[in-house]
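Enquirer: Please read through the structure below; I'll follow up with questions.
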Amino acid sequence: MKKNLVVVGYGGQGGWHADHALKSDVVTLHGIYDIKQERIDLAKSKGINTYDSFEAVLADDQIDIVVCATPNDVHKDIVIRALESGKNVVCEKPVALSVEDFDDMCAAAKKAGKLFTVHQNRRWDVDFLAIKSIIESGEIGDTINIESRVHGSRGIPSDWRCHKPYGGGMILDWGVHLIDQMLQLIPNEKIVRIYNENTNITTDEVDDGFHLMMTFESGKRATVEVGTYNFIYMPRFYMQCKNGSAYIEDWQKNCQIARLKAWNEKEVVPVQTAAGITKTMAPRDEITLDSYEIDRPKSDVHNFYRNLVKAIDGVEEQLIKLEEVRRVLLVMEGCFKSAETHQALEVNI
Ligand SMILES: NC(=O)c1ccc[n+]([C@@H]2O[C@H](COP(=O)([O-])OP(=O)(O)OC[C@H]3O[C@@H](n4cnc5c(N)ncnc54)[C@H](O)[C@@H]3O)[C@@H](O)[C@H]2O)c1
0 MKKNLVVVGY
10 GGQGGWHADH
20 ALKSDVVTLH
30 GIYDIKQERI
40 DLAKSKGINT
50 YDSFEAVLAD
60 DQIDIVVCAT
70 PNDVHKDIVI
80 RALESGKNVV
90 CEKPVALSVE
100 DFDDMCAAAK
110 KAGKLFTVHQ
120 NRRWDVDFLA
130 IKSIIESGEI
140 GDTINIESRV
150 HGSRGIPSDW
160 RCHKPYGGGM
170 ILDWGVHLID
180 QMLQLIPNEK
190 IVRIYNENTN
200 ITTDEVDDGF
210 HLMMTFESGK
220 RATVEVGTYN
230 FIYMPRFYMQ
240 CKNGSAYIED
250 WQKNCQIARL
260 KAWNEKEVVP
270 VQTAAGITKT
280 MAPRDEITLD
290 SYEIDRPKSD
300 VHNFYRNLVK
310 AIDGVEEQLI
320 KLEEVRRVLL
330 VMEGCFKSAE
340 THQALEVNI
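Note that numbering that gives the first Met the number 0 has the sequence shown beginning at 0, numbered continuously upward.
Pasting the structure below:
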C-alpha cells in the first residue's frame, strides 16, 4: 500500500516533492503545509489538501512520511518535532547547519524508532553515475585524482540563500551534493587533509563559491569546486586514473574516456608552440591510446522514494545513510574552518 506523504515548506523544492508524490507508485501526496498563505492558496488551487498549522500536521496520524523542504535554518526543529510525533522524516539537504544539530536530530529518530533520511538526490545524477561506473568497472584502473565542478555566472539566487542566518552560501547549497558524491566515488578511505578557499565576489555575507581540495589516506586527491561568477565553465568532471583519464564536459554530455593501451610510443610527433617545440605535451596517437565515449547510465531519481518506502517497511537497507550524511557535514565544517584560517587542516574524517 502507498504511504501518505506530507510536504512541509511548499516552495521550489517542496513543489518538486509534491509533484513527484502525485505521480508516484509508492507514496500518495496527503497534503502540504507552508507558513506563507500564498503557497497554501496555490496548493488549494491545484486541489491539494492543506494544513492550517504545523501542529495540525503533527496531530494527523494518517501521515507516514513528512518531507521537510523549508530553508535550512528551520530543518532541525521541524525534523525533531515530526519524529517525536511518530512520523518518518525526509529532510532536504543540507540536513543541518552543524554536526551537533544533526546529532540531536539522529538522537530524536533513534528515540522515536522512526526512519530519518536526507534527500541527497544528486546520487541519481547521470554524470556522477557515469564516473562511478568507470571507477567500479576498473577499465582505466585505480583513481589518482577526481575533480568535480559546477559553474554558473549569476551569483547566488537572491533569496534566503544569500543570508547567513538561513544557512545560505554555496558550501551548504551545492557543496553538500558534490562532497556527498565525492565520498561515494572514493569509498572506504579516510580523508586526511582538507584545504578550502571561499569566494566572495558578489556578496560578503556568505560564500558565493568555494574551491576544496581533499587528500585521502591512500594519497588519492579530490577537488570540489562551485563557482557562481564563471562566464566560461570548466568541465563537470575530470578524472585521472592509473590507466587513463575520463572527462564529462557538462550535465548533458556523454563521458569521454582515453584509455592507455601501451606506455611506450615509437615516435612522438612534437607540438610546435610559439616558444619552441614540445614532445612532453604532445598528444598521443591511437596506437597507444583508445579514445571513446560511454553511454549515459539510466537513472530514475524516484528510486529514492522506492527505497525509502521499502526501508520503512524493513525490507531494504536505507540508501542515504546517516553516517554518510554526518561525514559530509564534518567535511563542510572543515571547509568553513579552512577558509577562515586560510590553512590546510590535518583531519581524520
Ligand atoms: N535536493 C535538491 O536538489 C534541492 C534543490 C533545491 C532546494 N533544496 C533544499 O530544499 C529546501 C528549500 O529550498 P527551496 O529552494 O524550495 O526554498 P524556497 O524558498 O523556494 O521554499 C521554502 C518554503 O518553505 C516555507 N517555509 C519557511 N519556513 C517554514 C516553516 N517554518 N514551516 C513551513 N514552511 C516554511 C517558505 O514559505 C517557502 O515557501 C532547502 O533546504 C534547500 O537546500 C534541495
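In this text, a Cβ means the ideal position worked out from N, Cα and C, and glycines have one as well.
By the three-class DSSP mapping on this structure, what secondary structure does residue 273 have?
Expert: Indexing the sequence shown from 1 puts residue 273 at position 274. Looking at residue 273 - three-state DSSP - the assignment turns out to be coil, as it is neither helix nor strand.
Enquirer: Candidates 20, 260, 101, 161: which alpha carbon is nearest residue 205's?
Expert: As a working note, residue 205 is residue 206 in the sequence shown. Looking at the Cα atoms, 161 is the closest of the given residues.
Enquirer: Would you mind reading off the limits of the beta strand (DSSP E) that contains residue 68?
Expert: Working through the sequence shown from its first residue, we reach residue 68 at position 69. Note, residue 68: premise wrong, no beta strand (DSSP E); not H, not E.
Enquirer: Can you give the Cα-Cα distance for residue 177 and residue 120, rounded to whole angstroms?
Expert: On the sequence shown, residue 177 is found 178 positions in, with the first residue counted as 1. On the sequence shown, residue 120 is found 121 positions in, with the first residue counted as 1. So the two alpha carbons sit approximately 11 Å from each other.
Enquirer: Among 96, 123, 127, 128, which one has its Cα closest to the Cα of residue 168?
Expert: As a working mapping, residue 168 is identified with position 169 in the sequence shown. The option with the nearest alpha carbon to residue 168 is 96.
Enquirer: Name, in chain order, the residues that DSSP records as bridge partners for residue 290.
Expert: Locating residue 290 in the sequence shown gives position 291, where the first residue counts as 1. Answer is 257, bridged to residue 290.
Enquirer: Taking 8 Å as the threshold, find out whether the region 189-208 comes into contact with the region 105-112 through three or more Cβ pairs.
Expert: The region 189-208 is not in contact with the region 105-112.
Enquirer: Name the one or two DSSP bridge partners that residue 345 has.
Expert: In the sequence shown, residue 345 corresponds to position 346, counting from 1. Answer by DSSP bridge pairing, in chain order: 192.
Enquirer: Cβ of residue 34 versus every heavy atom of ligand 1: is any distance shorter than 6 Å?
Expert: Within the sequence shown, residue 34 is the residue found at index 35, counting from 1. Under cutoff, so the answer is yes.
Enquirer: Please list, in chain order, all residues of the same chain as residue 233 whose beta carbon is under 7 Å from its beta carbon, the five residues on each side excluded.
Expert: For this step, residue 233 is matched to residue 234 along the sequence shown. 148, 150, listed in sequence order.
Enquirer: Around the Cβ of residue 29, are there at least 16 other Cβ atoms within 10 angstroms (buried) or fewer (exposed)?
Expert: Translated into the one-based positions of the sequence shown, residue 29 becomes position 30. Classification of residue 29: buried, given that the 10 Å Cβ count is 16 or more.
Enquirer: I believe residue 26 touches residue 57 by the beta-carbon criterion, under 8 Å. Please report the beta-carbon distance rounded to the nearest angstrom.
Expert: By one-based count along the sequence shown, residue 26 stands at place 27. By one-based count along the sequence shown, residue 57 stands at place 58. Not really, about 19 Å apart at Cβ, beyond 8 Å.
Enquirer: From 171, 14, 2, pick the residue whose C-alpha is nearest to that of residue 60; which is it?
Expert: Residue mapping note: residue 60 aligns to position 61 of the sequence shown, counting from 1. Closest by alpha carbon: 2.
Enquirer: Grab me the residues of residue 83's own chain with a C-beta within less than 7 Å of its C-beta, minus the 5 sequence neighbours each way, in chain order.
Expert: By one-based count along the sequence shown, residue 83 stands at place 84. Around residue 83: 107, 111.
Enquirer: Over what stretch of residues does the beta strand (DSSP E) that includes residue 352 continue unbroken?
Expert: There is no way to answer for residue 352, as the model of the chain reaches only from 0 to 348.
Enquirer: Taking only heavy atoms of ligand 1 into account, decide whether any of them is closer than 6 Å to the Cβ of residue 367.
Expert: Outside the displayed span of the chain (0 to 348) sits residue 367, for which this structure offers no information.
Enquirer: Based on DSSP bridge pairs, tell me the residues matched to residue 244.
Expert: Working through the sequence shown from its first residue, we reach residue 244 at position 245. According to DSSP, which records beta bridges pairwise, residue 244 is partnered with 239, 257.
Enquirer: Under 6 Å: does the beta carbon of residue 38 sit that close to some heavy atom of ligand 1?
Expert: Taking the sequence shown and counting its residues from 1, one reaches residue 38 at position 39. Correct: residue 38 has its Cβ closer than 6 Å to ligand 1.
Enquirer: So who's on the other strand from residue 144, going by DSSP bridges?
Expert: In the sequence shown, counting from the first residue as 1, residue 144 sits at position 145. Answer is 220, 239.
Enquirer: Any heavy atom of ligand 1 closer than 6 Å to the Cβ of residue 183?
Expert: On the sequence shown, position 184 is the one that residue 183 refers to. Residue 183: no, Cβ never under 6 Å from ligand 1.
Enquirer: For a quick check, are the C-beta atoms of residue 196 and residue 343 less than 7 Å apart?
Expert: As a position in the sequence shown, residue 196 is number 197, starting the count at 1. As a position in the sequence shown, residue 343 is number 344, starting the count at 1. No, the Cβ-Cβ distance between residue 196 and residue 343 is not below 7 Å.
Enquirer: Would residue 240 pass as a contact of residue 293 if the rule is Cβ separation under 7 Å?
Expert: Within the sequence shown, numbered from 1, the residue matching residue 240 stands at position 241. Within the sequence shown, numbered from 1, the residue matching residue 293 stands at position 294. Not closer than 7 Å, so no.
Enquirer: Does the beta carbon of residue 323 fall short of 6 Å from some heavy atom of ligand 1?
Expert: Position 324 of the sequence shown, counted from the first residue, corresponds to residue 323. Every heavy atom of ligand 1 is 6 Å or more from the Cβ of residue 323, so no.
Enquirer: Can you round the beta-carbon distance between residue 63 and residue 87 to whole angstroms, since I take them to be within the 8 Å contact cut?
Expert: For the purposes of this step, residue 63 is taken as the residue at position 64 of the sequence shown. For the purposes of this step, residue 87 is taken as the residue at position 88 of the sequence shown. With a Cβ gap of about 6 Å, residue 63 and residue 87 count as contacting.
Enquirer: In whole angstroms, what is the alpha-carbon distance linking residue 330 and residue 179?
Expert: The residue given as residue 330 occupies position 331 in the sequence shown. The residue given as residue 179 occupies position 180 in the sequence shown. The straight-line gap from Cα to Cα measures roughly 10 Å.
Enquirer: For residue 348, count neighbouring Cβ atoms within 10 angstroms of its own Cβ and tell me buried if that reaches 16, exposed if not.
Expert: Indexing the sequence shown from 1 puts residue 348 at position 349. Per the 10 Å Cβ criterion, buried.
Enquirer: Can you find a heavy atom of ligand 1 that lies under 6 Å from the Cβ of residue 91?
Expert: Along the sequence shown, one-based indexing puts residue 91 at 92. Yes, the Cβ of residue 91 comes within 6 Å of a heavy atom of ligand 1.
Enquirer: Assuming residue 363 and residue 170 are in contact, meaning their beta carbons sit under 8 Å apart, how far apart are those beta carbons, in whole angstroms?
Expert: For the chain, the structure presents residues 0 to 348; residue 363 sits outside this window and is missing.
Enquirer: Mapping the DSSP letters down to three states, classify residue 197 as helix, strand or coil.
Expert: The residue labelled residue 197 in the question sits at position 198 within the sequence shown. Residue 197 falls in the strand class under three-state DSSP.
Enquirer: Leaving out five residues before and five after residue 280 in sequence, what residues of the same chain have Cβ atoms less than 7 Å from its Cβ?
Expert: Along the sequence shown, one-based indexing puts residue 280 at 281. Only 270 meet the Cβ criterion.
Enquirer: Would you identify the three-state DSSP class for residue 117, choosing helix, strand or coil?
Expert: Taking the first residue of the sequence shown as 1, we reach residue 117 at position 118. In this structure, residue 117 counts as strand in the three-state DSSP scheme.
Enquirer: By alpha-carbon positions, which one of 99, 85, 98, 78 ends up nearest to residue 91?
Expert: Stepping through the sequence shown from its first residue, residue 91 is reached at position 92. Nearest option by C-alpha distance: 78.
Enquirer: Grab me the residues of residue 159's own chain with a C-beta within less than 7 Å of its C-beta, minus the 5 sequence neighbours each way, in chain order.
Expert: Here residue 159 is taken as the residue at index 160 of the sequence shown, counted from 1. Excluding residues within five positions, the ones whose Cβ falls inside 7 Å are 70, 165, 167.
Enquirer: So, residue 304 versus residue 23, is the Cβ gap smaller than 7 Å?
Expert: Position 305 of the sequence shown, counted from the first residue, corresponds to residue 304. Position 24 of the sequence shown, counted from the first residue, corresponds to residue 23. Yes, the Cβ-Cβ distance between residue 304 and residue 23 is below 7 Å.
Enquirer: Would residue 174 pass as a contact of residue 225 if the rule is Cβ separation under 7 Å?
Expert: Taking the first residue of the sequence shown as 1, we reach residue 174 at position 175. Taking the first residue of the sequence shown as 1, we reach residue 225 at position 226. Contact flag set, yes.
Enquirer: Starting from the Cα of residue 256, find the closest Cα among 273, 34, 132 and give me that residue.
Expert: The residue given as residue 256 occupies position 257 in the sequence shown. Nearest option by C-alpha distance: 132.
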